[in-house]
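Heads up: the sequence shown is residues 1 to 393, going by my numbering.
Glycine included, C-beta positions come from ideal geometry on N, C-alpha and C.
First up is the structure itself, then whatever we jot down about it.
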Amino acid sequence: MSVSHLTKQFSALDVNAKKANQPSGPTRPIGHIKTPSQSSVGKLLAKYAAPNPPATKPAAPKTAGAESSQAASRPGPKTIDIGKYDGGLELENEKRGEKVTGEAAEDLALDSSVARKSPTREWNLTTFDIGRPLGKGKFGRVYMVRTKCEPRYILALKTLYKSEIVQARVEKQIRREIEIQQNLRHPHVLRLYGYFHDEKRIFLMLEFAGKGELYKQLSKHGSFSERRSSRYIDQMADALAYLHSKHVIHRDIKPENLLLGINGELKIADFGWSVHAPGNRRMTLCGTLDYLPPEMVEGKEHNERVDLWALGVLTYEFLVGSPPFEDRSSTQATYRRIAKVDLKVPSHVSPEARDLITKLLKYDPQQRLLLSEVRTHPWIVKYRPKDVSRGSG
Ligand code: AMP
Numbered sequence: 001m002s003v004s005h006l007t008k009q010f011s012a013l014d015v016n017a018k019k020a021n022q023p024s025g026p027t028r029p030i031g032h033i034k035t036p037s038q039s040s041v042g043k044l045l046a047k048y049a050a051p052n053p054p055a056t057k058p059a060a061p062k063t064a065g066a067e068s069s070q071a072a073s074r075p076g077p078k079t080i081d082i083g084k085y086d087g088g089l090e091l092e093n094e095k096r097g098e099k100v101t102g103e104a105a106e107d108l109a110l111d112s113s114v115a116r117k118s119p120t121r122e123w124n125l126t127t128f129d130i131g132r133p134l135g136k137g138k139f140g141r142v143y144m145v146r147t148k149c150e151p152r153y154i155l156a157l158k159t160l161y162k163s164e165i166v167q168a169r170v171e172k173q174i175r176r177e178i179e180i181q182q183n184l185r186h187p188h189v190l191r192l193y194g195y196f197h198d199e200k201r202i203f204l205m206l207e208f209a210g211k212g213e214l215y216k217q218l219s220k221h222g223s224f225s226e227r228r229s230s231r232y233i234d235q236m237a238d239a240l241a242y243l244h245s246k247h248v249i250h251r252d253i254k255p256e257n258l259l260l261g262i263n264g265e266l267k268i269a270d271f272g273w274s275v276h277a278p279g280n281r282r283m284t285l286c287g288t289l290d291y292l293p294p295e296m297v298e299g300k301e302h303n304e305r306v307d308l309w310a311l312g313v314l315t316y317e318f319l320v321g322s323p324p325f326e327d328r329s330s331t332q333a334t335y336r337r338i339a340k341v342d343l344k345v346p347s348h349v350s351p352e353a354r355d356l357i358t359k360l361l362k363y364d365p366q367q368r369l370l371l372s373e374v375r376t377h378p379w380i381v382k383y384r385p386k387d388v389s390r391g392s393g
């Protein structure tokens, strides 16, 4: 399936944003990816953005769907401090990256407008006040930013250097990642509100994950309690059910790809390996070794049930502090353990959690517990707060 076909399908899925935000006038891209106009920044974010969290902690989202959770985090009475900008974007831009031309530039312009080699005009760096650095990624820095226009939403702005993307030969992958993520709306899937680019960089306007990386929390604590693990797995199952309903297979579930929202809620954040695969059986080997299911280790066809396996590995890692098939002696040894489902669950893990793990870590993908069954599993139901209805995580 071509990228444009895929994008068109996603455009069809995009229920609300398009008509209200189609820019008009000569700068409007003709392509099928609609980039909102500068003037509609506020409108778009008011509708979809979770950002600028209230000074006082809002109630946890009650029902499923991005809109409901976002209503819980509308701007509060006090302006949130976005921290001090260190000038890093300009400094970095002087030293890093080169202009990209030709086919790669077209791929990375991410739309099919006639002027796709030129920078996008609807959004740019002057749209935002830039705050503190949030982190450094492989292809550039991430900053906390706020829109200058009311109601001054807070976002994470991620830079990607085009020439480095081209050097790493991942332009198609990045493009796919952006196209997929931009069309997803779920409280436990990190929102990508939009993007813009200049000659050297792509800027992604991401939902701000106020509590940062889940992986850091896991490293800090060693492992999580049964309650905390169960809550995260419930939210993961909810998010994965949503992704699968859109025919998106994530394929790279692991703690490093999960962020935490302002209320500590989980957000799936990285779609680098995901595929939009309606009715498709995929055979590419990708993802992280420890989370690979037997069918991928053995180079067989795979489907969305790879994410169920990964959910089992994640449950184990949350509770134990390391993944179940890890073997530091060699990659081959880990592969062998995965293919044999050589699983040993430590005795401190409760019988209910053990039951869920063993039912997800089945060699035969068809035998794995379904996401709907994960969400009604006793270990999940036991820790779900009364005010969180099924379907909301
Ligand atoms: P990445 O390039 O996605 O690996 O991002 C680099 C670092 O920036 C991450 O490890 C996070 O600490 C931080 N970061 C990335 N995206 C966000 C976000 N949406 N909200 C808050 N922090 C982020």
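Exercise for the section: Figure out for me which residue from E295, T331 and K386 has the closest Cα to the Cα of P365. Expected result: E295
Exercise for the section: Under 7 Å Cβ to Cβ from Y195, same chain only, skipping five residues before and after it: list those, please. Expected result: L110, I178, I202, F203, L204 and M205
Handout entry: Collapsed DSSP secondary structure at I30 in the structure displayed
Key = Bear in mind that the predicted position of I30 carries a pLDDT of just 23, short of 50, making it too unreliable to give a figure here.
Practice task
Let me know the secondary structure DSSP gives D129 once reduced to three states.
Solution key: strand
Practice task
Grab me the residues of L369's own chain with a C-beta within less than 6 Å of its C-beta, minus the 5 sequence neighbours each way, in chain order.
Solution key: K359 and L360
Exercise for the section: Report the three-state DSSP secondary structure of H244 (helix, strand or coil). Expected result: helix
Problem - chain D within 8 Å of K344, Cβ atoms only - result: Looking for chain D here will not work: only one protein chain is present.
Practice task
Go ahead and label G261 buried or exposed: buried means 16 or more other beta carbons lie within 10 angstroms of its beta carbon, across all protein chains shown.
Solution key: buried
Problem - According to DSSP, residues forming a beta bridge with R146 - result: D129 and I154
Practice task
Assign G88 to one of three DSSP states: helix, strand, or coil.
Solution key: helix
Problem - Inter-residue Cα distance where the pair is R328 and Y383 - result: 34 Å
Exercise for the section: Per DSSP, which residues does K267 bridge with? Please list them. Expected result: L259
Problem - Beta-bridge pairing of Y161 - partner residues as DSSP gives them - result: R201
Practice task
State yes or no: is the C-beta of A237 nearer than 7 Å to some heavy atom of ligand 1?
Solution key: no
Problem - Nonlocal neighbours in the same chain, by C-beta distance under 6 Å from Y242, ignoring five residues either side - result: H186
Exercise for the section: Could you tell me the boundaries of the alpha helix (DSSP H) in which I253 lies? Expected result: Here I253 belongs to no alpha helix (DSSP H), and DSSP marks it neither H nor E.
Handout entry: Inter-stretch contact (C-beta, 8 Å, three-pair minimum) for the segment 158–175 and the segment 87–103
Key = yes
Exercise for the section: Enumerate in chain order the residues of its own chain whose CB-to-CB distance from F224 is below 6 Å, with the five nearest sequence positions on each side excluded. Expected result: F318
Exercise for the section: Use the C-beta contact count for E301: other C-beta atoms within 10 angstroms, 16 or more gives buried, fewer gives exposed. Expected result: exposed
Practice task
Report back the beta-carbon spacing between L314 and I233 to the nearest angstrom; my notes put them in contact at under 8 Å.
Solution key: 7 Å
Practice task
Can you give me the start and stop residues for the alpha helix (DSSP H) that A353 sits inside?
Solution key: P351 to L360
Problem - Proximity to A168 [Cα-Cα], best of I154, K138 and Q182 - result: K138
Exercise for the section: Could you tell me if the beta carbon of Q332 falls within a distance shorter than 7 Å of some heavy atom in ligand 3? Expected result: With respect to small molecules bound, the structure shown includes ligand 1 and not ligand 3.
Handout entry: Contact set for G264: own chain, Cβ-Cβ below 7 Å, skip 5 residues either direction
Key = K211
Exercise for the section: Leaving aside the five residues before and after V388 along the sequence, list all residues of the same chain whose C-beta is less than 6 Å from its C-beta, in chain order. Expected result: none
Handout entry: Where H186 sits in the DSSP three-state scheme
Key = strand
Problem - Identity of the residues DSSP links to E213 by a beta bridge - result: L259
Problem - Cβ neighbours of R132 in the same chain (closer than 8 Å, five flanking residues each side left out) - result: I82, G83, K84, Y85, D86, Y143 and M144
Problem - Beta-carbon contacts of T331 that lie in its chain and below 8 Å, excluding the five residues immediately before and after - result: L289
Handout entry: For E92 and P151, the rounded distance between their alpha carbons
Key = 29 Å
Problem - Backbone secondary structure at R231 - three-state DSSP - result: helix
Exercise for the section: Report all residues from its chain with a CB closer than 6 Å to the CB of Y316; omit the five preceding and five following residues, and keep chain order. Expected result: P324 and I357
Handout entry: Separation of Y215 from E352, as counted between CA atoms
Key = 24 Å
Problem - E265: CB within 7 Å of a non-hydrogen atom of ligand 1 - result: no
Handout entry: Reduced DSSP secondary structure (H/G/I, E/B, other) of E207
Key = strand
Problem - Proximity test, S271 beta-carbon vs ligand 1 heavy atom, cut-off 7 Å - result: It should be noted that the sequence gives Phe, not Ser, for residue 271. For ligand 1, not one heavy atom lies less than 7 Å from the Cβ of F271.
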